[in-house]
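Comments concern the structure below.
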Amino acid sequence: DAGITQSPRYKITETGRQVTLMCHQTWSHSYMFWYRQDLGHGLRLIYYSAAADITDKGEVPDGYVVSRSKTENFPLTLESATRSQTSVYFCASSETGGLVGYTFGSGTRLTVV
Amino acid sequence: QKEVEQDPGPLSVPEGAIVSLNCTYSNSAFQYFMWYRQYSRKGPELLMYTYSSGNKEDGRFTAQVDKSSKYISLFIRDSQPSDSATYLCAASGGSYIPTFGRGTSLIVHP
Chain A
1 DAGITQSPRY KITETGRQVT LMCHQTWSHS YMFWYRQDLG HGLRLIYYSA
51 AADITDKGEV PDGYVVSRSK TENFPLTLES ATRSQTSVYF CASSETGGLV
101 GYTFGSGTRL TVV
Chain B
114 QKEVEQDPGP LSVPEGAIVS LNCTYSNSAF QYFMWYRQYS RKGPELLMYT
164 YSSGNKEDGR FTAQVDKSSK YISLFIRDSQ PSDSATYLCA ASGGSYIPTF
214 GRGTSLIVHP
């Protein structure tokens, strides 16, 4: 199916564990992004990528790692999960970099206990 | 202070009303302006984007940008219960990364 898919949709993990959130897009968009959305903060950019093997930090990168070995995949790893990383995570992609908008995935709801 | 400010609401209106959703921004470099709609437990969905000042219409939705006052508006005519969602404005320019407002919750009651 064409589009942008995130997996898993829901995840519960324990403090200190490593967890990876997956993002896959089928359009071959150059740009991909990871956001977290929290009440009172709105969407905050974690990391972004302008092309395969090119990644850059956003507003809140601490505690997260990304990679982009293939254009269509952009996984986000929490190296050692903390309760403050409980959030809803959205992946997005764009051909134009975001100037005229993104397409977002459906999100991953992560709970760290 | 965030570069894009948006009243979180909720804004509650009766079905059929004209809805006005607004944002202000502070960065004069912003040239592109976007509106997203987000239903509960879903990802944001791009509704419309505009470039520079002026109006853009798409069905019941009209986006308006006034760069002189740094004001962004989204008007919804003949609002429906299915329009109940959170609406996020965003702006970009200079950098291609948009800055998002925190969203306004809209409730349209039958």
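The listed protein sequences correspond, in order, to chains A and B. Sequential numbering of the first sequence, starting at 1, is according to the numbering used here. Sequential numbering of the second sequence, starting at 114, is according to the numbering used here. Every residue gets a Cβ at the ideal spot worked out from N, C-alpha and C, and that includes glycine.
Please report whether the beta-carbon of residue i lies at a distance below 8 Å from any beta-carbon of chain B.
| i | result |
| --- | --- |
| V100 of chain A | yes |
| Y47 of chain A | no |
| L21 of chain A | no |
Is there a C-beta anywhere in chain A that falls below 8 Å from the one on residue i?
| i | result |
| --- | --- |
| F143 of chain B | no |
| G167 of chain B | no |
| K183 of chain B | no |
| S133 of chain B | no |
| R173 of chain B | no |
| F188 of chain B | no |
| I220 of chain B | no |
| R215 of chain B | yes |
In the DSSP assignment, find the beta strand (DSSP E) that holds residue i and state where it starts and stops.
| i | result |
| --- | --- |
| V60 of chain A | Element bounds for V60 of chain A: n/a, residue is neither H nor E. |
| Y46 of chain A | A small fix is needed here, since residue 46 of chain A is Ile in this sequence, not Tyr. It spans G42 to A51 - the beta strand (DSSP E) in which I46 of chain A sits, taken as one unbroken run. |
| A198 of chain B | A198 to G206 |
| V117 of chain B | V117 to Q119 |
| K11 of chain A | Y10 to T13 |
| P127 of chain B | L124 to P127 |
| W34 of chain A | Y31 to D38 |
| I189 of chain B | Y184 to I189 |
| T71 of chain A | Counting along the chain, T71 of chain A falls outside any beta strand (DSSP E), and DSSP gives it neither H nor E. |
| N135 of chain B | V132 to Y138 |
Quick one: what's got a C-beta closer than 6 Å to residue i's C-beta in the same chain, skipping five residues either side?
| i | result |
| --- | --- |
| P123 of chain B | S218 and I220 |
| V66 of chain A | Y47, T55 and L76 |
| T111 of chain A | I12 and T86 |
| S139 of chain B | E116 |
| V88 of chain A | Q37, G107 and R109 |
If you measure from the beta carbon of residue i to each beta carbon in chain C, is any gap under 8 Å?
| i | result |
| --- | --- |
| G63 of chain A | Given the protein chain composition of this structure (A and B), no chain C is represented. |
In chain order, what residues of the same chain have a beta carbon less than 7 Å from the beta carbon of residue i, not counting five sequence neighbours either side?
| i | result |
| --- | --- |
| Q276 of chain B | Only positions 114 to 223 of chain B appear in the structure, and residue 276 of chain B is not among them; the question remains open. |
| F143 of chain B | A204, S205 and G206 |
| V126 of chain B | V132, S192 and V221 |
Skipping 5 residues on each side, what residues in its chain have a beta carbon closer than 8 Å to that of residue i?
| i | result |
| --- | --- |
| Q151 of chain B | P157, E158, A198, T199, Y200, L201 and G216 |
| A50 of chain A | S30, Y31, D56 and G97 |
Practice problem: Give, in chain order, every unbroken run of the beta strand (DSSP E) that is at least 3 residues long and sits entirely within the segment 146-175 of chain B. | Solution: The segment 146-175 of chain B contains these whole beta strand (DSSP E) runs: 158-164 and 167-171.
Exercise. Could you please tell me which residues of the segment 3-18 of chain A, in chain order, have their CB closer than 7 Å to any CB of chain B?
Key: Close to chain B, meaning a Cβ-Cβ distance shorter than 7 Å, is no residue of the segment 3-18 of chain A at all.
Self-check item: Contact set between the segment 75-106 of chain A and chain B, restricted to residues whose Cβ is under 9 Å from the partner
Solution: Residues V88, F90, C91, A92, S94, T96, G97, G98, L99, V100, G101, Y102, T103, F104, G105 and S106.
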